[in-house]
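Participant: Per this note's numbering, the sequence shown starts with residue 6, numbered consecutively. Have a look at this one before I ask anything.
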Amino acid sequence: MRLYPMSAPAAAATYSKDQPFPARMTESRLLNKPGSAKETRHFVVSLAGSGLHYSAGDSVGIFPENRPSEVAEIIRRLDATGDEPVLPAMLKLTAPIALREALTTRLALAGPTAKIVGTLAAKATDVHEKAKLAGLLSPESKDVLATFLDEREFVDLLAEFPSAKLTPQELVDHLRKLMPRLYSIASSPRVYPSDVHLTVAVVRYRTNERERAGVCSTFLADRVHVGTTPVRVFVSSSHFGPPEDGAKDCIMVGPGTGIAPFRAFVQDRVASGATGRNWVFFGDQKGATDFLYGDEWEQYLAKGQVARLDLAWSRDQFTKVYVQDKMRANAAELWTWLQGGAHFYVCGDAKRMAKDVDVALHDIVSVQGGMTPALAADYVKQLKKEKRYQRDVY
Ligand SMILES: Cc1cc2nc3c(=O)[nH]c(=O)nc-3n(C[C@H](O)[C@H](O)[C@H](O)COP(=O)(O)OP(=O)(O)OC[C@H]3O[C@@H](n4cnc5c(N)ncnc54)[C@H](O)[C@@H]3O)c2cc1C
Ligand SMILES: NC(=O)c1ccc[n+]([C@@H]2O[C@H](COP(=O)([O-])OP(=O)(O)OC[C@H]3O[C@@H](n4cnc5c(N)ncnc54)[C@H](OP(=O)(O)O)[C@@H]3O)[C@@H](O)[C@H]2O)c1
6 MRLYPMSAPA
16 AAATYSKDQP
26 FPARMTESRL
36 LNKPGSAKET
46 RHFVVSLAGS
56 GLHYSAGDSV
66 GIFPENRPSE
76 VAEIIRRLDA
86 TGDEPVLPAM
96 LKLTAPIALR
106 EALTTRLALA
116 GPTAKIVGTL
126 AAKATDVHEK
136 AKLAGLLSPE
146 SKDVLATFLD
156 EREFVDLLAE
166 FPSAKLTPQE
176 LVDHLRKLMP
186 RLYSIASSPR
196 VYPSDVHLTV
206 AVVRYRTNER
216 ERAGVCSTFL
226 ADRVHVGTTP
236 VRVFVSSSHF
246 GPPEDGAKDC
256 IMVGPGTGIA
266 PFRAFVQDRV
276 ASGATGRNWV
286 FFGDQKGATD
296 FLYGDEWEQY
306 LAKGQVARLD
316 LAWSRDQFTK
326 VYVQDKMRAN
336 AAELWTWLQG
346 GAHFYVCGDA
356 KRMAKDVDVA
366 LHDIVSVQGG
376 MTPALAADYV
386 KQLKKEKRYQ
396 RDVY
């Protein structure tokens with residue numbers, strides 16, 4: 006564990022992706038209730054002393070560190086100490102750094118490619134290992150190789166082919182740069198000018214009989230200690246944001262962690278005295294355990310600061326209910342809001358949810374507006390052109 010420096014951080018307003026601010030986490034809290042299958046956490050990161058500013062709708066970038074246990078296993082399997090100097094090809098450094106530092110803060114330990122399989126095949130001395138590697142590299146094994154690599158990280162390959170004996174330098178030359186991860190800010194600067202709130206789904210799963218951990222989400226959840234460990238952050242500005250005209254209505258669709266920016270939008274609009282109405286669609290697995298920030302939404306609703314709150318619990322009944330089902334069930338009113346100039350926002354999963362919500366929006370416009378699918382598509386295009394349909398999906 007590294008300690009937060011006691012001296013004040015350097016000159017204000019110079020922090021960026023190239024020079025991230027060593028911020029302090031001041032709060033870490035589980036948002037799901039006991040019995041949930043999910044692990045979604047609320048983090049508060051202080052920007053005090055950084056000179057950094059943000060707007061509702063912006064994201065922060067975070068530079069994570071890899072798991073010490075995984076770094077230690079790699080060092081052990083290389084028969085190294087961690088102190089060996091290395092010059093990883095991807096980092097374009099002018100001076101070597103220690104192997105342990107390279108593996109902890111600079112290089113990604115996941116995502117092996119065929120290139121390392123080729124290197125292992127050239128270096129393996131054990132006949133069984135050599136045969137397995139040659140099989141994986143044969144032209145007819147393309148799909149097998151893809152599945153094999155999908156289920157493995159670099160440490161798995163060192164464990165499975167110990168006779169290949171890579172040097173520290175040979176290994177690091179196969180690793181990609183460890184990239185920062187972006188998180189939608191879940192707070193408004195009008196309410197929290199020197200803090201950013203984050204809503205993070207912690208990624209944990211199992212492949213090839215090993216427990217895997219999403220690098221950044223578990224860095225924040227497991228390895229950052231509140232008040233002590235520095236978290237290297239930068240602000241990533243976005244065009245995504247609440248309407249400049251506070252009189253406009255807002256429809257916000259944000260299941261799962263997609264709710265994050267809409268917590269910021271509503272805080273922001275309440276604090277600025279925006280008169281437009283807020284309509285929030287939220288969904289997650291179970292109402293009893295996964296209603297993220299449920300108390301806050303209930304209070305906003307009770308005070309009329311959120312005019313409508315529609316909740317889709319996908320696993321509270323046999324048939325899945327999703328946010329787009331709630332949109333369809335309220336199609337006439339949604340259409341009235343849109344015709345009245347409302348802005349429509351979507352945040353969260355890009356692969357399935359955002360596509361299905363887009364289809365639902367087109368269907369609602371077509372049916373409620375009495376338009377052909379082509380005319381409905383034009384209507385939605387116009388919404389986008391007027392920046393009244395914005396998405397922040399990942
Ligand atoms: C603009 C933007 C905003 C974002 N906002 C948020 C936010 O508010 N909250 C949030 O939680 N995330 C958000 N994200 C996503 C976030 O940036 C990270 O991608 C996410 O936290 C995972 O990062 P990680 O380092 O923990 O996982 P990584 O180490 O990057 O691992 C993730 C990878 O693990 C693999 N994987 C995951 N689950 C499984 C599984 N079950 N089986 C097999 N493989 C699997 C997949 O290959 C996946 O790509 C946002 C992304 C963007 C671009
Ligand atoms: N690999 C993938 O395909 C995938 C998909 C989504 C999220 N993720 C990742 O999983 C992590 C957790 O995400 P999260 O907590 O934000 O929530 P999430 O997994 O996106 O789930 C939130 C809610 O959305 C529902 N959902 C699933 N498919 C949907 C669809 N097509 N349309 C509308 N809603 C749908 C989920 O239902 P059910 O789960 O009950 O179906 C759940 O109720 C994130 O890291 C995210 O990037 C991965």
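Glycine residues also receive a C-beta, built at the ideal position from the N, C-alpha and C atoms. Just so we're clear, the structure is a prediction, and the values are computed from it rather than from any experiment.
Let me confirm a value: residue 15 is counted as buried when at least 16 other C-beta atoms fall within 10 Å, else exposed. Which label applies?
Facilitator: Caution applies to residue 15, whose pLDDT of 48 falls short of 50 and renders its modelled position unreliable; the value that the coordinates give is listed next. Exposed.
Participant: Going by beta-carbon coordinates alone, are residue 246 and residue 61 separated by less than 8 Å?
Facilitator: A Cβ-Cβ contact shorter than 8 Å links residue 246 with residue 61.
Participant: Taking 7 Å as the cut-off, does the CB of residue 206 come closer than this to any heavy atom belonging to ligand 2?
Facilitator: yes
Participant: Compute the minimum distance between the beta carbon of residue 354 and the heavy atoms of ligand 2, and state whether it is under 7 Å.
Facilitator: For residue 354, the shortest C-beta to heavy atom distance toward ligand 2 is below 7 Å.
Participant: Name the DSSP bridge partner or partners of residue 206?
Facilitator: 45
Participant: Can you give me the Cβ contacts of residue 49 inside the same chain, cut-off strictly under 6 Å, excluding the 5 residues immediately before and after it?
Facilitator: 31, 32, 200, 202
Participant: From residue 355 to residue 118, what does the alpha carbon distance come to, in whole angstroms?
Facilitator: 25 Å
Participant: By how many angstroms is the C-alpha of residue 255 removed from the C-alpha of residue 302?
Facilitator: 15 Å
Participant: Counting only runs that start and end within the region 213-244, where is the beta strand (DSSP E) found for 3 or more residues in a row?
Facilitator: Counting only runs of 3 or more, we get 215-218, 235-241.
Participant: Residues in the same chain with beta-carbon distance under 6 Å from residue 105, minus the five sequence neighbours each way, listed in chain order, please.
Facilitator: 87
Participant: Is residue 348 buried or exposed, if buried means 16 or more other CB atoms sit within 10 Å of its CB?
Facilitator: Flag for residue 348 reads buried.
Participant: Among 130, 123, 185, which residue has its Cα nearest to the Cα of residue 140?
Facilitator: 123
Participant: What do you reckon, is the C-beta of residue 262 under 7 Å from a heavy atom of ligand 2?
Facilitator: yes
Participant: For the alpha helix (DSSP H) holding residue 140, just list the boundary residues, first then last.
Facilitator: 132-142
Participant: Using DSSP bridges, identify the partner residues of residue 348.
Facilitator: Assignment of beta-bridge partners to residue 348 by DSSP yields 255.
Participant: Return yes when the C-beta of residue 189 is under 7 Å from any heavy atom of ligand 2, and no when it is not.
Facilitator: A distance criterion of 7 Å places the beta-carbon of residue 189 beyond contact range of ligand 2, judged by its closest non-hydrogen atom.
Participant: Going straight from the alpha carbon of residue 241 to that of residue 269, what length do you get?
Facilitator: If I take the Cα positions, the gap works out to 15 Å.
Participant: Between residue 22 and residue 112, how many whole angstroms is the CB-CB distance? I'm expecting something under 8 Å.
Facilitator: Between residue 22 and residue 112 a beta carbon distance of about 18 Å is seen, past the 8 Å cut, so the two are scored as non-contacting.
Participant: Quick one: using the 10 Å Cβ neighbour count with 16 as the cut-off for buried, is residue 249 buried or exposed?
Facilitator: exposed
Participant: Please list, in chain order, all residues of the same chain as residue 211 whose beta carbon is under 8 Å from its beta carbon, the five residues on each side excluded.
Facilitator: Closer than 8 Å at Cβ, skipping near neighbours: 217.
Participant: Just the Cα atoms here: how many angstroms apart are residue 387 and residue 63?
Facilitator: 24 Å
Participant: For residue 395, which residues does DSSP report across the bridge?
Facilitator: 350
Participant: Just tell me which of 313, 129, 291 has its CA closest to the CA of residue 319.
Facilitator: 291
Participant: Comparing alpha-carbon positions, which option in 306, 359, 366, 312 lies nearest residue 332?
Facilitator: 366
Participant: Which parts of the region 73-97 are runs of the beta strand (DSSP E), unbroken and 3 residues or longer, counting only runs that do not cross its ends?
Facilitator: none
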